[in-house]
Amino acid sequence: MERDRLSRLLVPVKNRLRLVRSLRCTWAGTAAGLGASLLALGTARLIPMLHEPFLAVGLVLLGVVAGFLYGFLRSVPDEAAAAVVDKGEAQDAVSTALQYRASDSPIARIQREEAETYLNRFAATLKENIRLPSLLRPMLVLAGGAAAAAVLLLLPNPMHDQALKEAEEKQWVQEQDRQVQEMKEKLKSASLPEPAKRNMEKELNRLDEALDRPKDARAALEEMEKTMKELDKQAENSEKAIQRTQQLAEEMKKQASLKQAAEALQQGRSEELQKALDSFASQVMKLSPEQKEALAKELEKLAQQAPGGEELQPLKEAMKETAQGLKKAGSPDADPKELQEQLEKLGEQMKLAAQELQQNAQQLALAQQQSAQLAQMGLPMAAQLAAAGTPASAAWSPGGLAGALAANAGAGSASPPGGQQPSASAPPGSSPAPGAGAGAGAGSGAGAGAGAGASGAGAGAGNGAGAGAGSGRGAGGSGAAGGTGAGTGAGNRSLVTTPRSLEGSGNVQSDQGPVSGPGQVEKGGPAPVVDGVSRPYEEVYSEYAAEAKSSLDRHPLPQNMQNRVRDYFTEIQPDG
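If you read the sequence shown in the UniProt record's numbering, its first letter stands for residue 1, the second for the next number, and so on.
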């Protein structure tokens, strides 16, 4: 009982010591937290940092709580409390009693009684014996730190706007990543051949992975530009494949027996193509040997003159084999079944070519849609960066590739096969494929193609009045418009009469201008024609070609658009 009574008498001393230690640790923790907050506020002026005021307050509170808990949760041992009591008149009496409290000897009992006496006296004046720490010095230190923190918080921070900008860009990149994932899901449900789908999916996966990594807006725009260019390249390849197939169909239409099949192929109508092929096979079987020989020569000529391209190679081979079969069919001992099989093979290849045409049209439309969507996603941020004095690459500038793709998306640049037919007087090899007859518009057109796109040179002076339409595909100012004009016709090109009416048909593309900014409107020179005057075709062609080249020099177009302009002028160049 005596031993327990000694420990109970030490409890008030231990509690007082714990309170003193808790206060000291709390002040120390507060000072440490305030120092950390000052360091954070100073660092926020060197590097971009969001929510630095909340961080500073949080560090101070953390220091207060950590200091208090560190001082309060640690217990005070009896020996430490006894040592504090012994510093007075006890002179180690309490410590000695604690040391021998397990002993029952008379001397030990006397020592414990003496220690209890000292403890009772000490407890009576406990607050005077163990004073709380002075608040003056800690308060001065904390007041100085708080004043410094207030100054740092109130003074304008040049890095705060930068931090907000980086946070906004990070959120924007995350939003673009989400939209790219939606594009991937849409691609999975598209009815495209697996090779074409894999190529698109590969680019979108690469972009998705790139946007997953921490990037700023400029880096994200660079990655989006790579994917946008690759998708635009795939669209261009599909468009060229469509043009090659359409060009072959145009050549086939010159052969009367293949005209219906060629038209069905050109329009992508499988049922009509099958009927036309059956009719063609039936007609061939009834031809005389001389007529079969003539048809064989026509097929060989078609195979030789057909445009290059992997998609047309099987059809060209089938034409050659059918031509050989037609030649053999003229002999008396020829087997009609062999010719019939070759005709069936030719028909199968034509149906495959029609399917390929449809698939290329779908791939073209989807690739253009996705590249245009990427352009529309990136243009607003590119405009913000340009306004802030840190512009992105030239592809995102006004008149660049992104602006052209976004404008063409609004105008609907792709047309499926069979939607628009070439005119009767269109030049040989002309194509109703998407973009056919597109001019070299740089977005500042005036007059008949003088400033925005090379238009047709006029109405043909031969048997047919041409009906086509040129159109500019530039990304110029907000008042831009493509030039229009009539086709060159298939008749004699020696003279051209400038048309009074510029109506026509074809795939018309309109330039909507950039999606942001007022744009810049430029006026071209006067059109190099006078209403109702007959002029040599070569002269008209050279003047329009010069106008188109001048327009390109003022407003450079993307490479695929330059190729279209070049192909267009190749088609309409003077004979000879």
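Note that CB positions come from ideal geometry on N, CA and C, so glycine has one too.
#1: Should Ala438 go down as buried or exposed, given a rule of 16 or more other Cβ atoms within 10 Å for buried?
#2: If contacts are defined as beta-carbon pairs under 8 Å, then Asn187 and Lys197 qualify, I think. What distance do you get, rounded to the angstrom?
#3: Pull the bridge partners of Pro336 from the DSSP assignment, please.
#4: Work out the CA separation of Gln304 and Ala354 for me, nearest whole Å.
#5: Is Val94 buried or exposed, if buried means 16 or more other CB atoms sit within 10 Å of its CB?
#6: Can you tell me whether residue 584 is helix, strand or coil according to DSSP?
#7: Compare the C-alpha of Ala372 against each of Gln359, Ala387, Asn360 and Ala395 and name the closest.
#8: Sorted by chain position, which residues of the same chain lie with C-beta nearer than 6 Å to Leu405's C-beta, five sequence neighbours on each side aside?
#9: Considering only C-alpha positions, which residue in the set Pro77, Gly33, Val65 and Val64 is nearest to Ala56?
#10: Between Glu356 and the rest of its own chain, which residues show a CB-CB distance below 6 Å, the 5 nearest in sequence each way excluded?
#11: Can you say whether Asn120 is buried or exposed, counting buried as having 16 or more other CB atoms within 10 angstroms of its CB?
#12: Just to confirm before moving on: does the CB-CB distance between Leu204 and Gln359 stay below 9 Å?
#13: Report, in whole angstroms, the separation of the C-beta atoms of Ala361 and Leu379, which I expect to be a contact under 8 Å.
#14: How is Gly441 classed by DSSP in three states: helix, strand or coil?
#15: Could you check the C-alpha separation between Phe280 and Gln340 for me, to the nearest Å?
#16: For the alpha helix (DSSP H) that Met183 lies in, which residues bound it at each end?
#17: Could you give the residue range of the alpha helix (DSSP H) that holds Ile130?
#18: In three-state terms, what does DSSP make of Pro307?
#19: If we call anything under 9 Å between Cβ atoms a contact, is Gly63 one with Thr30?
#20: Should Arg564 go down as buried or exposed, given a rule of 16 or more other Cβ atoms within 10 Å for buried?
#21: What residues in its chain sit with their C-beta under 7 Å from that of Val180, if we drop five residues either side in the sequence?
#22: Leaving aside the five residues before and after Arg16 along the sequence, list all residues of the same chain whose C-beta is less than 7 Å from its C-beta, in chain order.
#23: Please state the DSSP three-state secondary structure of Gly33.
#24: From Leu352 to Ala261, what distance separates their C-alpha atoms?
#25: Going by alpha carbons, who is nearest to Ala28 out of Ala66, Leu50 and Ala40?
#26: Helix, strand or coil: which one does DSSP assign to Gln255?
#27: In angstroms with no decimal places, state the Cα-to-Cα distance between Glu166 and Asn199.
#28: Is the stretch 213–221 in contact with the stretch 381–391, if contact means three or more CB pairs nearer than 8 Å?
#29: Using the Cα positions of Gln283 and Met319, report the straight-line distance between them to the nearest angstrom.
#30: Any chance the stretch 37–44 sits against the stretch 65–81, with 3 or more Cβ pairs inside 8 Å?
#31: When you compare only the Cα positions, how much space is there between Ala54 and Gln363?
#32: Using beta-carbon positions only, say whether Gln266 and Thr245 come within less than 9 Å of one another.
#33: Measure the CB-CB distance between Gln349 and Glu300 and report whether it falls below 9 Å.
#34: Are the beta-carbon atoms belonging to Val11 and Leu132 less than 9 Å from one another?
#35: I need the boundaries of the alpha helix (DSSP H) containing Tyr100, first residue and last residue.
#36: Ignoring anything shorter than 4 residues, give me the alpha helix (DSSP H) runs that lie fully in the stretch 329–413, in order along the chain.
For this structure:
#1: As a first step, residue 438 is located in the sequence shown; it is residue number 438 there, counting from the start. Summary for Ala438: the model assigns pLDDT 33, below 50, so the residue's position carries little reliability; its value from the coordinates is reported in the next sentence. Ala438 is classed as buried because its beta carbon has at least 16 other beta carbons within 10 Å across all chains shown.
#2: As a working note, residue 187 is residue 187 in the sequence shown. As a working note, residue 197 is residue 197 in the sequence shown. Before going further, note that residue 187 is Leu rather than Asn in the sequence given. Yes, Leu187 and Lys197 are in contact; Cβ-Cβ is about 6 Å, under 8 Å.
#3: As a first step, residue 336 is located in the sequence shown; it is residue number 336 there, counting from the start. For Pro336, which the question treats as bridged, DSSP gives no partner whatsoever.
#4: Residue numbering aside, residue 354 sits at position 354 when the sequence shown is read from its first letter. Residue numbering aside, residue 304 sits at position 304 when the sequence shown is read from its first letter. Between the alpha carbons of Ala354 and Gln304 lies a distance of about 20 Å.
#5: If you number the sequence shown from 1, residue 94 lands on position 94. Result: buried.
#6: Residue numbering for the chain in the displayed model covers 1 to 576; residue 584 lies beyond these limits and cannot be assessed.
#7: As a working mapping, residue 372 is identified with position 372 in the sequence shown. The shortest CA-to-CA distance from Ala372 to any of Gln359, Ala387, Asn360 and Ala395 is the one to Ala395.
#8: Counting from 1 along the sequence shown, the entry for residue 405 is found at position 405. Counting only Cβ-Cβ distances below 6 Å, and skipping sequence neighbours, we find Ser371, Ala372 and Ala375.
#9: Looking up residue 56 in the sequence shown gives position 56. Measuring from the Cα of Ala56, the nearest candidate turns out to be Gly33.
#10: As a working note, residue 356 is residue 356 in the sequence shown. Closer than 6 Å at Cβ, skipping near neighbours: Glu311.
#11: Your numbering for residue 120 matches position 120 in the sequence shown. The residue in question, Asn120, is exposed, as its Cβ has fewer than 16 Cβ neighbours within 10 Å.
#12: As a position in the sequence shown, residue 204 is number 204, starting the count at 1. As a position in the sequence shown, residue 359 is number 359, starting the count at 1. With respect to the 9 Å criterion, Leu204 and Gln359 are not classified as neighbours on the basis of their beta carbons.
#13: For the purposes of this step, residue 361 is taken as the residue at position 361 of the sequence shown. For the purposes of this step, residue 379 is taken as the residue at position 379 of the sequence shown. Taking the Cβ atoms as the reference, Ala361 lies roughly 27 Å from Leu379, outside the contact range of under 8 Å.
#14: For this step, residue 441 is matched to residue 441 along the sequence shown. Residue placement at Gly441 is flagged as unreliable, the pLDDT there being 34, under the threshold of 50; the coordinate-derived value follows with that caveat. Strand.
#15: Walking along the sequence shown from the start, residue 280 turns up at place 280. Walking along the sequence shown from the start, residue 340 turns up at place 340. Computed Cα separation, rounded: 11 Å.
#16: Taking the sequence shown and counting its residues from 1, the one referred to as residue 183 is at position 183. Segment Pro158 to Lys188, the alpha helix (DSSP H) holding Met183.
#17: Within the sequence shown, residue 130 is the residue found at index 130, counting from 1. In the DSSP assignment, Ile130 falls outside any alpha helix (DSSP H) and carries neither an H nor an E.
#18: Here the question's residue 307 lines up with position 307 in the sequence shown. If DSSP states are grouped into helix, strand and coil, Pro307 belongs with coil.
#19: By one-based count along the sequence shown, residue 63 stands at place 63. By one-based count along the sequence shown, residue 30 stands at place 30. A Cβ-Cβ contact shorter than 9 Å links Gly63 with Thr30.
#20: As a position in the sequence shown, residue 564 is number 564, starting the count at 1. The residue in question, Arg564, is buried, as its Cβ has 16 or more Cβ neighbours within 10 Å.
#21: Within the sequence shown, the letter at position 180 stands for residue 180. Excluding residues within five positions, the ones whose Cβ falls inside 7 Å are Leu204, Leu207, Asp208 and Leu211.
#22: Residue numbering aside, residue 16 sits at position 16 when the sequence shown is read from its first letter. If we look at Arg16 and ignore the five residues flanking it on each side, its Cβ neighbours are Leu126 and Ile130.
#23: The residue given as residue 33 occupies position 33 in the sequence shown. Helix.
#24: Taking the sequence shown and counting its residues from 1, one reaches residue 352 at position 352. Taking the sequence shown and counting its residues from 1, one reaches residue 261 at position 261. Roughly 13 Å separates the two Cα atoms.
#25: Walking along the sequence shown from the start, residue 28 turns up at place 28. Nearest C-alpha to Ala28: Ala66.
#26: In the sequence shown, counting from the first residue as 1, residue 255 sits at position 255. Of the three classes helix, strand and coil, the one that applies to Gln255 here is coil, per DSSP.
#27: For this step, residue 166 is matched to residue 166 along the sequence shown. For this step, residue 199 is matched to residue 199 along the sequence shown. Each residue's Cα considered, the two are about 33 Å apart.
#28: Taking a cut-off of 8 Å for Cβ pairs, the stretch 213–221 and the stretch 381–391 touch, as three or more such pairs fall below it.
#29: Stepping through the sequence shown from its first residue, residue 283 is reached at position 283. Stepping through the sequence shown from its first residue, residue 319 is reached at position 319. Rounded to the nearest whole angstrom, the C-alpha separation of Gln283 and Met319 is 16 Å.
#30: Judged by Cβ distances under 8 Å, the stretch 37–44 makes no contact with the stretch 65–81, as fewer than three pairs qualify.
#31: Walking along the sequence shown from the start, residue 54 turns up at place 54. Walking along the sequence shown from the start, residue 363 turns up at place 363. It is Phe, not Ala, that sits at residue 54 in the sequence shown. Looking at the two C-alpha atoms, the distance is approximately 52 Å.
#32: Here the question's residue 266 lines up with position 266 in the sequence shown. Here the question's residue 245 lines up with position 245 in the sequence shown. Yes, the pair counts as a contact, with Cβ atoms nearer than the cut-off.
#33: Stepping through the sequence shown from its first residue, residue 349 is reached at position 349. Stepping through the sequence shown from its first residue, residue 300 is reached at position 300. Going by C-beta atoms, Gln349 is not nearer than 9 Å to Glu300.
#34: Locating residue 11 in the sequence shown gives position 11, where the first residue counts as 1. Locating residue 132 in the sequence shown gives position 132, where the first residue counts as 1. For the 9 Å CB-CB criterion, Val11 and Leu132 do not form a contact.
#35: Locating residue 100 in the sequence shown gives position 100, where the first residue counts as 1. Unbroken run through Tyr100: none, as it is neither H nor E.
#36: Runs of the alpha helix (DSSP H) inside the stretch 329–413: 336–387 and 401–411.
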